[in-house]
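Using numbering that gives the first Met the number 0, the letters of the sequence shown correspond one by one to residues 0 to 235.
Each residue gets a CB set at the ideal place from its N, CA and C atoms; glycine is no exception.
First the structure, in the form of structure tokens, and then the observations on it.
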Amino acid sequence: MPRERLSPEVFALPVERIRDGYYTDAYFNATKQVLEAHNLHPRVLMQVFQKHDGAVLGGMDEALAVLRLCSGRYEGEGEGRRWVPGWDQLVVHALHDGDEISAWETVMTIEGDYGLFAHLETVYLGVLSRRTLVSTNVRRVVEAARGKPILFFPARFDHYRVQTGDGYAAHVAGAIGVSTDAQASWWGGRGIGTVPHALIAACGGDTVEATRRFADVHYPHMNVVALVDFDNDCVG
0 MPRERLSPEV FALPVERIRD GYYTDAYFNA TKQVLEAHNL HPRVLMQVFQ KHDGAVLGGM
60 DEALAVLRLC SGRYEGEGEG RRWVPGWDQL VVHALHDGDE ISAWETVMTI EGDYGLFAHL
120 ETVYLGVLSR RTLVSTNVRR VVEAARGKPI LFFPARFDHY RVQTGDGYAA HVAGAIGVST
180 DAQASWWGGR GIGTVPHALI AACGGDTVEA TRRFADVHYP HMNVVALVDF DNDCVG
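Here you go:
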């Protein structure tokens, strides 16, 4: 049975800017312009791979959305300029998010007129690279934990705009929860958390009191997990 993929609409892509090459390396935009200026339509077979064994694929559904919504070319000038989609002229095969992959294993092929997707290489490779890195690192932690549940709480250490995709990459790699609603949004989840140091400080450094007050408001709708290292002492 075919495995479901996330709908392209989930990613809220800046479609017009991607089509315009705003996020594309200049040399790929220049290549597309050369092909169009000389009316060249080379049919190519693009293979996408990475170089490490034991990696976990991430970002594929998003990469496919980029190709689906942004492949093609502009025709006409001025007010008559219009976008002509190219997705239906491409043959694309791809693995799925969460698949374990080997070094040099092909994870996606794109076959068709290169001019239809030359401007997208920077974008879809960037998506695949970042999400695969996150998925691979999370999977390694999950495996090292040997069955203990792993929570993915990196939001304070990176730009907020990466939360949605990184959260999903962690989810498919085996993390049981994330800390923000944005990180959980692609699969319809919610952010979860602990009793933070800030609340303990607001309760005079009393971890027990902070935990009780937290539970008064949030239990049973949220699990109550207290941090016990407020004084940098995890034992006594």
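Contacts around residue i, its chain only, beta-carbon distance under 6 Å, and the 5 residues preceding and following it disregarded
i	result
Thr23	His118, Thr121
Thr30	Ala117
Gly176	Leu150, Ile191
Asp98	Leu56
Ala102	Lys50, His51, Asp52
Alpha-carbon to alpha-carbon, residue j and residue i
i	j	result
Arg211	His217	10 Å
Phe116	Phe213	52 Å
Leu124	Ala62	8 Å
His51	His37	39 Å
Ala143	Leu44	38 Å
Thr163	Tyr21	21 Å
Glu110	Ala11	25 Å
Ser128	Leu5	18 Å
Asp215	Pro13	42 Å
Asn28	Phe48	22 Å
Thr108	His40	18 Å
Whole-angstrom C-beta distance between residue j and residue i, which should lie under 8 Å
i	j	result
Phe152	Gly166	Actually they do not touch by this definition, with Cβ atoms about 10 Å apart.
Tyr135	Gln46	According to the sequence as given, residue 135 is Thr; it is not Tyr. No, Thr135 and Gln46 are not in contact; Cβ-Cβ is about 20 Å, not under 8 Å.
Trp185	Val9	6 Å
Asp96	Val171	5 Å
Gly114	Glu35	6 Å
Ala93	Pro7	Not quite, the Cβ-Cβ distance comes to about 13 Å (not below 8 Å), so this is no contact.
Gly53	Thr131	With 8 Å as the limit, Gly53 and Thr131 do not qualify as a contact, their Cβ atoms being about 12 Å apart.
Val133	Ala169	6 Å
Sequence-distant residues of the same chain with beta carbon closer than 7 Å to residue i, five excluded per side
i	result
Gly173	Val137, Arg138, Val141, Ile149
Asp180	Arg189, Gly190
8 Å Cβ shell around residue i - same chain, five flanking residues per side excluded
i	result
Leu226	Thr193, Val194, Pro195, His196, Ile199, Thr206
Arg81	Tyr73, Glu74, Gly75
Met221	Ile191, Gly192
Tyr159	Ala181
Within-8 Å CB hit, residue i to chain B
i	result
Glu15	The question asks about chain B, but that chain is absent: this structure has only one protein chain.
Touching by the beta-carbon criterion (3+ pairs, under 8 Å), the segment 65-75 and the segment 9-23:
yes
Enumerated in chain order, which unbroken segments of the beta strand (DSSP E) with a length of 3 residues or greater are wholly contained in the segment 49-128?
71-74, 81-84, 90-93, 107-112
Continuous alpha helix (DSSP H) assignments of at least 4 residues falling wholly in the segment 127-200:
162-172, 180-183
Go through the segment 4-41 residue by residue and report every complete run of the alpha helix (DSSP H) that reaches 4 residues or more, in order.
14-19, 25-36
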